[in-house]
Amino acid sequence: MNGEKMAGNDYNFAMIEKKWQERWKEQQLFKADDNDTSREKFYCLTMYPYPSGVLHMGHVINYTLGDVIVRYKLLRGYNVLSPMGWDSFGLPAENAARKQAKAALERGEEPIHPDRFTEDNIAHMTSQMERAGWGYDWSRELATSRPNYYRWTQWLFLLFYQNGLAEKKVAPVNWCDSCETVLANEQVLGDGTCERCGTVVVQHDLNQWFFKMSSYAQKLLDGHAELHGHWPEKVIKMQEEWIGRSEGAKVDFTVTETGESLPIFTTRPDTLWGVTFMSLAPEHPLIEKLVKGTEQEEKVLAAVRKMRAQSTSSRLTAEVEKEGVWTGFHVTNPVNGEQVPLWVANFALMTYGTGAVMSVPAHDQRDFEFARKYNLPVRVVIQRDDATLVVEEMTEAYEDPGAMTGSGPFSGRLNTEAMGDIIKWLKAEKHGEGTINYKLRDWLLSRQRYWGAPIPIIYCEKCGEVPVPMEQLPVELPMDVEFKEGGGNPLASCEKFVNTSCPQCGSAATRETDTMDTFVDSSWYFLRYCSPEFMEAPFDPKLVHKWMPVDLYIGGIEHATMHLIYCRFFTQVLHDLGYLEFTEPAKKLFCQGMVCKTAYYCENCKWLPEAKVTGGSKSEDTIIGGICAKCGGKVRSEMTKISKSKLNIVDPDAMMDRYGADCVRLYMLSDAPPDQQQVWSDARMQGSWRFLNRLWDVVTGAVEIIQGEQQEIPDNLDTESKALRQKTHASILKITDAIEGGFRFNTAISSVMELLNKVRSAKAVHTGVMREAVESMLILMAPIAPHFAEELWETLGHTTSIFQAAWPRADKSVAMGDEIEIPVQVNGKIKARLIVAPNLSKEELEKLALEEEAVQAAIQGCEIKKVIAVPGRIVNIAVK
RNA sequence: GCCGAAGUGGCGGAAUGGCAUACGCGCGGGUUUCAAAAACCCGUGAGGUUCACCUCGUGUGGGUUCGAAUCCCACCUUCGGCACCA
53 MNGEKMAGND YNFAMIEKKW QERWKEQQLF KADDNDTSRE KFYCLTMYPY PSGVLHMGHV
113 INYTLGDVIV RYKLLRGYNV LSPMGWDSFG LPAENAARKQ AKAALERGEE PIHPDRFTED
173 NIAHMTSQME RAGWGYDWSR ELATSRPNYY RWTQWLFLLF YQNGLAEKKV APVNWCDSCE
233 TVLANEQVLG DGTCERCGTV VVQHDLNQWF FKMSSYAQKL LDGHAELHGH WPEKVIKMQE
293 EWIGRSEGAK VDFTVTETGE SLPIFTTRPD TLWGVTFMSL APEHPLIEKL VKGTEQEEKV
353 LAAVRKMRAQ STSSRLTAEV EKEGVWTGFH VTNPVNGEQV PLWVANFALM TYGTGAVMSV
413 PAHDQRDFEF ARKYNLPVRV VIQRDDATLV VEEMTEAYED PGAMTGSGPF SGRLNTEAMG
473 DIIKWLKAEK HGEGTINYKL RDWLLSRQRY WGAPIPIIYC EKCGEVPVPM EQLPVELPMD
533 VEFKEGGGNP LASCEKFVNT SCPQCGSAAT RETDTMDTFV DSSWYFLRYC SPEFMEAPFD
593 PKLVHKWMPV DLYIGGIEHA TMHLIYCRFF TQVLHDLGYL EFTEPAKKLF CQGMVCKTAY
653 YCENCKWLPE AKVTGGSKSE DTIIGGICAK CGGKVRSEMT KISKSKLNIV DPDAMMDRYG
713 ADCVRLYMLS DAPPDQQQVW SDARMQGSWR FLNRLWDVVT GAVEIIQGEQ QEIPDNLDTE
773 SKALRQKTHA SILKITDAIE GGFRFNTAIS SVMELLNKVR SAKAVHTGVM REAVESMLIL
833 MAPIAPHFAE ELWETLGHTT SIFQAAWPRA DKSVAMGDEI EIPVQVNGKI KARLIVAPNL
893 SKEELEKLAL EEEAVQAAIQ GCEIKKVIAV PGRIVNIAVK
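Per this note's numbering, the very first residue in the first sequence carries number 53; after that it's consecutive.
Given below as structure tokens:
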């Protein structure tokens with residue numbers, strides 16, 4: 053059972069782990085008590101998984117961390133809420149159905165429905181989770197694809213709709229050809245590819261559903277104040293950048309020829325007098341309107357089409373050559389009445405500001421490059437103080453502070469100082485006003501796919517867009533729909549679903565066939581866990597009040613600008629609508645590191661599994677100088693995140709078969725702090741295994757000695773017993789600190805190892821001291837290796853679960869010991885060591901240090917300048 | 001380009017102003033064994049050496065301090081995020 057590498061007397065993890073998993077289930081160890089008011093609550097949430105069917109190492113580190121903290125908090129006496137559920141809507145289930153639809157039909161079978169696919173996966177992953185020993189209150193389990201959950205997702209959509217926070221509008225949106233759906237801004241990566249599948253996203257103007265998240269930009273930023281110190285600064289920073297606040301002014305230009313208003317946003321109103329042209333985004337609606345019927349219409353529209361065809365991605369990278377076309381029109385600058393040409397430029401973005409940019413080539417690098425390319429004038433209105441800018445000699449824009457020139461009433465003033473006055477002046481002169489702009493856009497939530505929560509809207513010819521009455525929810529997904537590859541959304545072709553009657557007037561109407569982004573589902577699941585059976589609303593306010601906010605949220609940093617923004621947005625909206633008393637969903641956020649392992653790459657055969665690398669020599673866990681078994685080419689190695697595509701995956705099931713769940717859990721936490729990258733190493737896994745077996749041997753070996761009548765620990769212990777007792781108490785202190793001060797389980801584990809080494813080398817210690825050491829080790833290890841600790845706890849004669857024991861309390865004076873070693877330095881070099889009482893005074897330390905023979909020798913013939921004695925730490929003698 | 005984090009033995013890492021390299025891995029030696037594995041014990045930063053001793057040593061160069069891996073300045077390297085956002 054234990055695998056070929058294990059010796060015969062290794063502990064039998066398979067039997068033990070099963071036994072305790074069953075006991076915990078019987079005892080309902082992880083049942084959170086809604087009615088308990090005596091214990092403090094602790095809501096520990098780990099990001100729920102998409103039920104792909106199998107656990108991967110990312111899940112293992114995430115859920116192990118959560119479970120260790122849950123068990124630690126149980127030992128500290130908290131009423132812990134540790135729920136688990138499934139992010140079970142989404143493309144893979146639907147794609148699987150489509151993919152095998154044809155083959156199934158040929159066999160005369162129905163393809164596997166996404167619902168069955170999903171539920172089967174959930175069943176399998178649940179058993180994997182139980183096997184890993186992760187403790188959840190399964191009575192609160194939820195799956196977002198079940199009607200009793202998505203009914204409330206729909207309810208929340210309607211709530212947002214009723215409050216003007218959900219709307220359908222035409223906008224330029226991201227379309228992924230491979231996923232056959234639109235995507236939210238947050239789901240398009242920096243390089244313009246789909247976050248899910250890597251396909252380059254294209255832009256279309258489409259009529260889509262949005263949540264008005266942009267109106268929460270400031271609130272989302274303000275909320276960070278509460279999160280500083282409790283969320284990783286990196287995540288807060290990423291959100292700040294994503295929200296992208298910038299202060300500036302809105303200034304009203306007008307189209308000279310037509311008198312139409314054309315507002316712009318600028319952060320540099322101090323350069324308004326240097327405007328020499330205006331740039332419009334290619335998507336700007338004004339372009340078509342203006343050029344219609346003019347002689348340049350064809351030329352302008354052709355250029356605009358070309359610019360729009362460039363994907364978002366290439367438009368967004370700095371290397372792309374600036375391109376533009378003159379519309380034939382001009383705009384009038386309100387500050388000086390000047391008329392400057394109106395251009396269309398590929399670097400102007402419709403999705404930021406007003407889609408129109410005032411161009412000041414002397415003081416903006418983009419405008420400068422554009423002006424030089426199209427021979428547009430450059431005018432200096434900010435002078436540097438160390439030299440004089442001369443337009444003809446400039447090779448780049450001058451963007452630093454300086455004195456304003458040729459700027460009407462502001463000439464002569466330092467631009468940075470005048471900024472506030474300029475904005476006041478603009479307002480007084482009715483040319484514009486100070487304003488704040490954000491990069492954050494509205495959240496595009498509709499998806500042209502089947503496997504999601506249907507958007508509960510009906511379209512009626514008479515009444516228009518009509519929300520489904522809340523009491524008619526859920527709008528259920530029809531089960532008998534047809535899946536076929538490239539067949540579009542099966543909902544749209546399901547007449548039974550589409551055709552309905554108007555809830556207002558009763559006449560024939562059609563349903564919205566788009567479903568919601570799965571990030572909508574996950575924006576409120578933590579609320580549902582508080583009252584999973586509640587049937588009057590998405591959550592029971594009383595229970596949400598009891599459990600929320602989440603005390604600790606654990607998950608990957610990849611959600612920094614997706615899920616973690618969305619769920620904050622939902623929480624703030626629900627707060628503003630009076631449903632929640634708090635504005636932030638999670639008090640503390642912890643992001644675990646990636647699990648990495650060596651991957652191998654051959655120029656010809658691409659990524660290789662380790663088994664396909666031959667020759668070379670193995671150093672640690674990496675083959676160096678190996679050869680590709682397929683083509684004989686050289687293989688290079690790279691330490692990288694475990695992933696299917698790089699063929700360096702580790703199968704958690706196989707590891708648990710071989711070493712047991714406790715050992716895998718222990719290993720995951722042993723090597724590095726959990727927020728750092730973890731390096732997977734089979735060799736080090738063996739180290740964890742050895743440690744568990746040593747501990748097992750020590751405890752089982754100690755049973756006989758300590759099982760007799762319990763002995764009080766006397767005051768006059770022998771030296772060795774005293775030393776062990778001191779180590780025990782010092783370890784408890786150190787381990788508790790390591791966990792409380794940032795979940796540094798790696799140092800906690802090494803402290804237990806040190807204590808174990810001490811116990812092992814102890815010859816004849818007092819049995820009370822031995823019992824204290826051994827029991828402390830077991831409780832300290834219980835969160836990490838729970839089955840193992842339970843079994844030994846029982847072996848020691850305890851009849852209740854170790855998780856009903858209390859976390860050990862350290863006596864600080866015992867932990868300190870009676871004597872400590874104090875190094876004595878001369879000019880910073882150690883010359884001697886003193887063994888003294890820990891509380892020995894500064895004066896006595898100084899005296900003892902100077903009396904030391906080695907110190908005397910070292911300071912012979914020198915003049916003592918200063919003696920620094922730090923009680924309990926060090927003595928340093930500075931000499932000349 | 002901008003912002004941030006990090007850089008310590010052969011390796012993962014510990015020490016956050018006071019004994020650098022805890023703990024573990026690996027490696028070397030030993031015990032046990034017919035043998036191997038496992039287990040156990042000892043050793044393991046580099047260089048020197050008069051071997052119970054000395055010198056050097058935490059990316060590089062400076063600085064502050066009695067004392068710096070830790071604080072400050074500059075630089076190098078690696079990783080991460082952002083990047084035509086007006």
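The beta-carbon is built from N, C-alpha and C at its ideal position, and this holds for glycine as well.
Just to confirm my understanding: we take residue i, look at its own chain, exclude 5 residues before and 5 after, and list those with CB closer than 6 Å. What are they?
i     : result
S1004 : Any question about residue 1004 goes unanswered here, given that the chain covers just 53 to 932.
P726  : L117, Q644 and F795
L324  : V387
Y618  : F571 and S575
A713  : E69, A184 and G185
From what residue to what residue does the beta strand (DSSP E) around residue i run?
i    : result
C648 : V647 to C654
Q260 : V254 to F263
S689 : V687 to K693
I488 : G484 to N489
I874 : I872 to V878
Residues in its own chain within less than 7 Å of residue i by CB, not counting five upstream and five downstream?
i    : result
T752 : T847
N467 : D322, I434, P453, G454 and M456
R91  : G129, Y130 and N131
H111 : P101
R367 : At R367, the pLDDT of 47 sits below 50, so the modelled position is not reliable; the number obtained from the coordinates is stated separately. Answer for R367: N398, listed in chain order.
K917 : A930, V931 and K932
D86  : L595 and K598
Where do the N-terminal and C-terminal ends of the alpha helix (DSSP H) with residue i fall, by residue?
i    : result
T468 : N467 to A480
F622 : H615 to D628
L897 : K894 to E903
T780 : T771 to E792
Q180 : P166 to R183
H597 : P593 to W599
C715 : A713 to S722
R150 : L143 to K151
Report the rounded CA-to-CA distance for residue i versus residue j, giving the unit in angstroms.
i    : j    : result
L897 : V931 : 17 Å
S545 : E534 : 8 Å
W859 : K221 : 57 Å
A148 : E537 : 10 Å
S559 : K639 : 49 Å
K57  : Q856 : Its pLDDT being 37, under 50, K57 is placed unreliably in this model, and the value from its coordinates should be taken loosely. Each residue's alpha carbon lies about 35 Å from the other.
I926 : E824 : 32 Å
R688 : G667 : 13 Å
L478 : S331 : 21 Å
K482 : A333 : 25 Å
Rounded to whole angstroms, how far is the Cβ of residue i from the Cβ of residue j, which I believe are closer than 8 Å?
i    : j    : result
N173 : G105 : 4 Å
C582 : D573 : Contact flag wrong, Cβ pair sits at about 16 Å.
D229 : T251 : 6 Å
I609 : V826 : Not quite, the Cβ-Cβ distance comes to about 39 Å (not below 8 Å), so this is no contact.
V383 : T310 : Actually they do not touch by this definition, with Cβ atoms about 10 Å apart.
contact_flag[the stretch 623-632, the stretch 649-666] where n(CB pairs < 8 Å) is 3 or more: These segments do not touch.
Given 8 Å, three or more beta-carbon pairs between the stretch 773-783 and the stretch 698-705: Taking 8 Å as the limit for Cβ pairs, the verdict is that the stretch 698-705 does not touch the stretch 773-783.
At least 3 beta-carbon pairs within less than 8 Å: the stretch 342-360 vs the stretch 270-288: Result no; under three Cβ-Cβ pairs closer than 8 Å.
Any 3 or more C-beta pairs closer than 8 Å across the stretch 226-235 and the stretch 496-506: Three or more Cβ pairs closer than 8 Å define a contact, and the stretch 226-235 meets that threshold against the stretch 496-506.
Segment contact, 8 Å Cβ cut-off, at least three pairs: the stretch 714-724 with the stretch 764-778: No, they do not touch.
Contact the stretch 297-313 vs the stretch 480-489: 3+ CB pairs below 8 Å: Touching, yes, given that three or more Cβ pairs across the two stretches are closer than 8 Å.
Segment contact, 8 Å Cβ cut-off, at least three pairs: the stretch 287-294 with the stretch 606-613: Yes: the two stretches touch, three or more of their Cβ pairs being nearer than 8 Å.
The stretch 150-161 / the stretch 202-218 touching (three or more Cβ pairs under 8 Å): They do not touch, by the three-pair rule.
Three-pair Cβ contact test at 8 Å for the stretch 135-153 versus the stretch 194-209: In this structure the stretch 135-153 lies against the stretch 194-209, because at least three pairs of beta carbons, one per stretch, are closer than 8 Å.
The stretch 723-738 / the stretch 796-816 touching (three or more Cβ pairs under 8 Å): With the cut-off at 8 Å, the stretch 723-738 and the stretch 796-816 touch.
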